[in-house]
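In UniProt numbering, the protein residues as written are 1 to 187. Ideal placement from N, C-alpha and C gives every residue a C-beta, glycine not left out. Computed from a predicted model, the values in this text were never measured in an experiment. Structure record follows, encoded as structure tokens.
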Amino acid sequence: MGGGDALFIAGVVALILIMLDGKRRMRKRAVANQAPALHASPQHQLASPREPATPSLQAEQPAKVSLPTVPLVAPTQRLSAPDGSLIGETLHIAGKVRSRQPLVIHGTIEGDVEAPDQPVTITETGGVSRRIEARLISVAGRVEGLLVATDQAILLPSARVRGSIEAKRMKCAEGAWLTAKVRVTSR
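Here it is in structure tokens:
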């Protein structure tokens with residue numbers, strides 16, 4: 001076997017390893033995307049590092065998968081989209097948005113957002129000006145105006161909020177910019 005043959009075999013082995021690593025990464029990403037968000041519906045539970053979050057995930061996961069241990073704060077740092085409505089990053093809406101299901105905003109809304117009894121998530125690329133009313137409001141993007149959370153308002157490190165906040169509970173992560181009048185409500 002000459003030097004050219006050895007290089008050819010080494011190249012084929014390298015390509016096979018790259019393909020296997022790509023498949024492994026795709027499976028890992030698919031499992032991570034199926035994990036429930038913190039503000040998902042009450043029937044979802046947080047999973048321990050060795051247990052899946054839902055029974056349906058258990059059947060799909062290989063037996064020898066070991067998930068890394070993450071601190072309890074980590075789930076609030078990542079916004080995953082719950083089932084519901086999605087406003088895309090390139091979408092700009094001028095007017096009122098009403099939703100009867102969870103709402104994830106990647107784009108821009110100039111107007112009111114109403115999602116009673118539902119979570120609303122504003123991602124890093126999202127922005128809302130005027131008013132947001134929802135059960136749970138998670139902000140990682142920009143908001144100017146009034147936030148009314150009947151349960152909780154969560155401001156993540158990338159959040160930029162200016163206006164007023166009314167909520168039963170509020171969580172503001174280090175790094176979030178907040179210029180607002182905050183009022184704790186009992187409703």
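Quiz prompt | Identity of the residues DSSP links to P157 by a beta bridge | solution = Walking along the sequence shown from the start, residue 157 turns up at place 157. Bridge partners of P157: none, in fact.
Quiz item: How is the alpha helix (DSSP H) around K28 delimited, first residue to last?
Solution: For this step, residue 28 is matched to residue 28 along the sequence shown. Run containing K28: 3-34, per the alpha helix (DSSP H) assignment.
Exercise. Look at the Cβ atom of Q152, then the Cβ atom of A134, and state whether they are nearer than 7 Å.
Key: Residue mapping note: residue 152 aligns to position 152 of the sequence shown, counting from 1. Residue mapping note: residue 134 aligns to position 134 of the sequence shown, counting from 1. Going by C-beta atoms, Q152 is not nearer than 7 Å to A134.
Quiz item: Where does S186 sit, in a helix, a strand or coil, going by DSSP?
Solution: Locating residue 186 in the sequence shown gives position 186, where the first residue counts as 1. S186 falls in the coil class under three-state DSSP.
Quiz item: Can you name the residues that DSSP bridges to D112?
Solution: Your numbering for residue 112 matches position 112 in the sequence shown. Bridge partners of D112: R131.
Practice problem: State the start and end residues of the unbroken beta strand (DSSP E) segment that holds L86. | Solution: Here residue 86 is taken as the residue at index 86 of the sequence shown, counted from 1. Taken as a continuous stretch (DSSP letters only), the beta strand (DSSP E) holding L86 covers 85-87.
Quiz item: Is the distance from the Cβ of G127 to the Cβ of G145 below 7 Å?
Solution: Along the sequence shown, read from residue 1 onward, the residue named residue 127 stands at position 127. Along the sequence shown, read from residue 1 onward, the residue named residue 145 stands at position 145. Taking 7 Å as the Cβ cut-off, G127 and G145 do not qualify as a contacting pair.
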